[in-house]
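Each remark here refers to the structure printed beneath this line.
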Amino acid sequence: MISTDIARSLRETGLVWHPRSGDRFQLDEPEFEADIFTVSEMTIEPREYPTG
Numbered sequence: 001m002i003s004t005d006i007a008r009s010l011r012e013t014g015l016v017w018h019p020r021s022g023d024r025f026q027l028d029e030p031e032f033e034a035d036i037f038t039v040s041e042m043t044i045e046p047r048e049y050p051t052g
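In my numbering, the protein residues as written are 1 to 52.
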């Protein structure tokens, strides 16, 4: 994974990222600074149950 500073520089120069399964990324928001996410082809079906 590249550093956040390098990623910002690449974005500012116009590089377009084409994500693939397994790629990792961060959101450029202060509240997500410590979080790293992974692109996945898996899907989820959120459901609510009476038991919680």
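The C-beta atom is built at its ideal place from N, Cα and C for all residues, glycine as well.
query                                                                                            : result
Rounded separation between P46 and G22 - CA only                                                 : 22 Å
Closest Cα partner of L27 within the set R20, T38, H18                                           : T38
Whole-number beta carbon distance between I36 and R24, since they are thought to touch under 8 Å : 5 Å
Bridge partners - F37, DSSP secondary structure assignment                                       : F25
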